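> Take any residue in the sequence shown, note its place counting from 1, add 60, and you have its number in the working numbering. No residue lacks a Cβ here, since even glycine has one placed at the ideal position from N, Cα and C. Since the model is a prediction, treat every value here as computed from it, not as a measurement. Have a look at the structure that comes next, please.
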Amino acid sequence: MGISAGSQSSYDLNALHENGGIETIIEAGVDKSILQAVPKDEIKDKRQTKEPPYIKVYTKNTVQQFINRYMLGSLKAQSLVLVSPFISTFEGEPYELTDVLKRAKRDHTRVYVVTRKPEAEYQLKGIELLQKFSCVEIRYNPEIHAKLYISWGRELDESFAFFGSGNLTSGGIKYNLELGMMILGRGDGKNIINKLYQWGSHDIRVVSKLVKKIQK
Numbered sequence: 061m062g063i064s065a066g067s068q069s070s071y072d073l074n075a076l077h078e079n080g081g082i083e084t085i086i087e088a089g090v091d092k093s094i095l096q097a098v099p100k101d102e103i104k105d106k107r108q109t110k111e112p113p114y115i116k117v118y119t120k121n122t123v124q125q126f127i128n129r130y131m132l133g134s135l136k137a138q139s140l141v142l143v144s145p146f147i148s149t150f151e152g153e154p155y156e157l158t159d160v161l162k163r164a165k166r167d168h169t170r171v172y173v174v175t176r177k178p179e180a181e182y183q184l185k186g187i188e189l190l191q192k193f194s195c196v197e198i199r200y201n202p203e204i205h206a207k208l209y210i211s212w213g214r215e216l217d218e219s220f221a222f223f224g225s226g227n228l229t230s231g232g233i234k235y236n237l238e239l240g241m242m243i244l245g246r247g248d249g250k251n252i253i254n255k256l257y258q259w260g261s262h263d264i265r266v267v268s269k270l271v272k273k274i275q276k
């Protein structure tokens, strides 16, 4: 099952929900018509065996949803992938960057960061904080525009990924009007997470300039 582009008349959003593929969390008055669905002829009759959704769409506090899930989860991540053009310390938020890094350090989680070379003061502060943690690798890529965050567990069903429009900043976490999608490690979500992790932990890393290695 996939999510494909097309005219609204040719796609059945309700059927996708009924088949357990996607859960829409619409807030801030966003129209459901912005979401795409699967073609009707691709939908199998799974109404008798409905599974929990593996996709959740958020329109409010988008990046915060990923951070909350990571910080409140009981399982230890093997690695954390943070791809964002702009990174700040997001001080004053429910969980700050230092909280995320302390959790990673405590759990012996490797943190892979791909971002742009900092220019603004808030970016410099974010990089300075990342530099202080031995579990963090930092790479710069001036062309990066994607925003992708992954918590990679020992098993795929322990993993989850988030991508959308929000940077790893206070604006992306709370203040800006953003759109984001959480992928959970169940059903077809496992394959999506696996591909996103391949891109975030390898494909984009190998073409980005290494600034800081993980220190053992």
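Residues in the same chain with beta-carbon distance under 6 Å from residue 136, minus the five sequence neighbours each way, listed in chain order, please.
Counting from one through the sequence shown, the residue named residue 136 turns up at place 76. Cβ within range, chain order: 167.
> Tell me the DSSP secondary structure of residue 114 in three-state form.
For this step, residue 114 is matched to residue 54 along the sequence shown. Residue 114 falls in the coil class under three-state DSSP.
> Note down the Cα distance separating residue 205 from residue 138, rounded to an integer number of angstroms.
The sequence position of residue 205 within the sequence shown is 145, counting from 1. The sequence position of residue 138 within the sequence shown is 78, counting from 1. For residue 205 and residue 138, the distance between alpha carbons rounds to 25 Å.
> Secondary structure at residue 243, three-state DSSP: helix, strand or coil?
On the sequence shown, residue 243 is found 183 positions in, with the first residue counted as 1. If DSSP states are grouped into helix, strand and coil, residue 243 belongs with the strands.
> Determine the closest residue to residue 152 out of 183, 233 and 188, with distance taken between C-alpha atoms.
By 1-based counting over the sequence shown, the position of residue 152 is 92. Answer by Cα proximity: 233.
> Ends of the alpha helix (DSSP H) at residue 164?
Your numbering for residue 164 matches position 104 in the sequence shown. Residues 157 to 166.
> Determine, using beta carbons only, whether residue 271 and residue 209 come nearer to each other than 8 Å.
Counting from 1 along the sequence shown, the entry for residue 271 is found at position 211. Counting from 1 along the sequence shown, the entry for residue 209 is found at position 149. It is not a contact, given that the beta carbons lie outside the stated cut-off.
> Using 8 Å as the threshold, is the stretch 152 to 166 in touch with the stretch 119 to 130, meaning 3 or more CB pairs across them?
yes
> Please classify residue 112 as buried or exposed, where buried requires at least 16 other C-beta atoms within 10 Å of its C-beta.
Looking up residue 112 in the sequence shown gives position 52. Classification of residue 112: exposed, given that the 10 Å Cβ count is below 16.
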